[in-house]
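Written below as structure tokens is the structure these notes are about.
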Amino acid sequence: MYHEKLEKFPQNFLWGAASAAYQIEGGWNSDGKGPSIWDQFTKIPGKTFQGTNGDIAVDHYNRYKEDVKLMADMGLKAYRFSLAWSRILPDGSGEINEKGLAFYENLINELIKHNIEPVLTLYHWDIPQALQDRYNGWESRQVIDDFDNYARILFKRFKDKVKYWVSFNEQNVFTALGYRWEAHPPNLSDVKKMFEANHIINLANAKAINSFHELVPDGLIGPSFGYGPMYSFNCEPENVLATLNGEEFQNHWWLDVYVNGKYPKATFKQLVKLGVAPTVEEGDLQLLQSAKPDFLGVNYYHGGTVRANEIEFPSGDNDAGLEKSFEATDPYLMKPKEEQAQTPEKRMFSNVSNPFLEKTKWGWEIDPVGIRIALRRLQNRYDLPMMITENGLGAFDDLTNERTIEDDYRIEYLRGHIIEIQKAITDGVDLIGYCAWSFTDLLSWLNGYQKRYGFVYIDRDEKDEKALERIPKKSYFWYKSVIATNGQNL
Ligand code: BG6
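In UniProt numbering, the protein residues as written are 1 to 490.
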């Protein structure tokens, strides 16, 4: 695609930054807050880097005014943050904790006072522990009404103040890490449960979106999906087909449901054969189809590269064929069906490393062009306005003797991605805004406080909270000038 000149960013483009409640707030039991599943999970030995947790985090709960002041000084146009469900409903349902609600109301008022558009996320991974204990959280259909009740409280309370709402943050990530990889709460490795819970979350998402459209007709709501475009390892047709499978299994499996209320057929059939497909009850598809999001939130860090799995699979297209194959000599095929069912994608594709891309210290590919590819693909397939709700670089930062942070590598990362976004806009993509991850440094769920993303350094480490001093990094001043010139000074 050739452009003689890149178009300017739209007027009113939302230059923003993002965060999530558990990662910044602290105050884990302040003012009547109930525990969430993260409050419990992080206390299990060996689960997080050096046993870190969000009990204090970066103490945003007590310092939000100072943080908003830093946003205002930067000229930030939008701030995306999430609400802790158990701060508002300590028991998950029932009595409202007014003090919890007041915290968010004060934060929103403070943002508005400084002309910063609030972008409110309903759920960023921290379901109340009470609901986990009562009925296993997302595994029970009871949660659909409880989530809707929680969402309706917020819609009613903030409908005149908040225009942009995100329903679920990265449903693909928290279901996989929580139900398959034992890396997040509820700490399970059960693929069937993952698909069942995921379906129930889809229903909760749809019901809440319908409530939103009833209660906040002038607002916009959508999920934030962790999108990684899939690349084919090469042009060998088998690999191209595997890439199609990868894109469907990793991405369309969620996005098609959000936007069109349908599961992609090929993946669904595979899951049925392996006995791990979700239980779709009568009326489910109608509910899913009735709730179209107004925009798509896109969290982009990297994509993935895919090739056909070299394992030879038996011919035959039915369960009987599968069963029979277990007598074969191939070590993978000899495994019982349950084990195949735990790795359903093995029959569809395998992930490989991309030799063209460098990686961060944590092994995440750095791929600015991928954000343009992501936006183009999503625009073509779903044709909705989009907002980048997360994008950023996790890095070690050094505090110099002069107490500055010279994070040129972060500037380079962000600049590269923003240029590609501008190209995507010039291509014709409808983008509302860009929220970098993150505004201040914060708790990386599993990587402690050393993996930093913020524009603002927080002087604390794993063992010592110190004074939690806020220090703007070099990237803070760079982004300030990007915002002031509406993206002209990159
Ligand atoms: C996203 C999450 O998946 O990635 C954020 O929405 C998270 O909450 C971010 O912090 C970066 O992940 P990590 O593991 O590097 O902290």
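By construction, the Cβ of each residue, glycine as well, lies at the ideal position given by its N, Cα and C atoms.
Start-to-end residues for the alpha helix (DSSP H) that takes in residue i
i, result
"S167", "That residue, S167, is in no alpha helix (DSSP H); its beta strand (DSSP E) goes Y164 to N169."
"S290", "D284 to S290"
"A424", "D408 to D427"
"L255", "W253 to N260"
"A57", "Taken as a continuous stretch (DSSP letters only), A57 belongs to no alpha helix (DSSP H), as it is neither H nor E."
"L296", "No alpha helix (DSSP H) holds L296; the beta strand (DSSP E) holding it covers L296 to N299."
"L131", "Q129 to Y135"
"W38", "I37 to F41"
"I108", "E98 to K113"
"Q23", "A21 to I24"
Proximity below 9 Å, CB of residue i to CB of residue j
i, j, result
"I200", "V143", "yes"
"G100", "K33", "yes"
"residue 502", "E25", "Limits of the chain in this structure are 1 at one end and 490 at the other, which puts residue 502 out of reach."
"residue 491", "W28", "The structure shown does not extend to residue 491, since the chain is modelled only from 1 through 490, so no value can be given for it."
"G433", "V119", "yes"
"R470", "E66", "yes"
"L70", "T440", "yes"
"Y413", "A17", "no"
"S86", "Q129", "yes"
"R307", "F233", "yes"
"N187", "G178", "yes"
"P368", "L296", "no"
"K77", "E117", "yes"
Extent of the continuous beta strand (DSSP E) run through residue i
i, result
"P118", "E117 to Y123"
"I458", "V456 to D459"
"I366", "That residue, I366, is in no beta strand (DSSP E); it is neither H nor E in DSSP."
"E469", "E469 to P472"
"I432", "L431 to W437"
"W85", "Premise fails: W85 lies in the alpha helix (DSSP H), W85 to I88, not in any beta strand (DSSP E)."
"F225", "L220 to G226"
Residue i in three-state terms, based on DSSP
i, result
"N205", "helix"
"Y2", "coil"
"P331", "Summary for P331: the model assigns pLDDT 42, below 50, so the residue's position carries little reliability; its value from the coordinates is reported in the next sentence. In this structure, P331 counts as helix in the three-state DSSP scheme."
"E390", "strand"
"T243", "helix"
"A78", "strand"
"P278", "coil"
"S140", "coil"
"M71", "helix"
"G304", "strand"
"G352", "In the sequence under discussion, the amino acid at residue 352 is Val, which differs from the Gly named in the question. Reduced to three states, the DSSP call for V352 is strand."
"S481", "helix"
"Y231", "strand"
"S475", "helix"
"T175", "helix"
"T440", "strand"
"R157", "helix"
"L14", "strand"
"R180", "coil"
"A395", "strand"
"K273", "helix"
"R452", "strand"
"K359", "strand"
"R403", "coil"
"residue 493", "Because the chain in this structure spans residues 1 to 490, residue 493 falls outside the shown range and cannot be described."
"T267", "helix"
"L322", "Note on L322: pLDDT 43, under 50, position unreliable in the model; no value is reported."
Any non-hydrogen atom of ligand 1 closer than 8 Å to residue i Cβ
i, result
"S438", "yes"
"V166", "no"
"A20", "yes"
"Y227", "no"
"K451", "yes"
"S140", "no"
"V173", "yes"
"W253", "no"
"L296", "no"
"N136", "no"
"W362", "yes"
"G394", "yes"
"E390", "yes"
"Q250", "no"
"Y301", "yes"
Contact belief for residue i with residue j at Cβ below 8 Å, rounded distance in angstroms
i, j, result
"Q422", "L6", "5 Å"
"E248", "A277", "At roughly 14 Å, the Cβ-Cβ gap does not stay under 8 Å, so E248 and A277 are not in contact."
"R157", "L215", "About 10 Å; that fails the 8 Å criterion."
"E365", "L357", "4 Å"
"N309", "F349", "6 Å"
"I209", "A84", "Actually they are not in contact, since the Cβ atoms of I209 and A84 sit about 21 Å apart, beyond 8 Å."
"A21", "D126", "6 Å"
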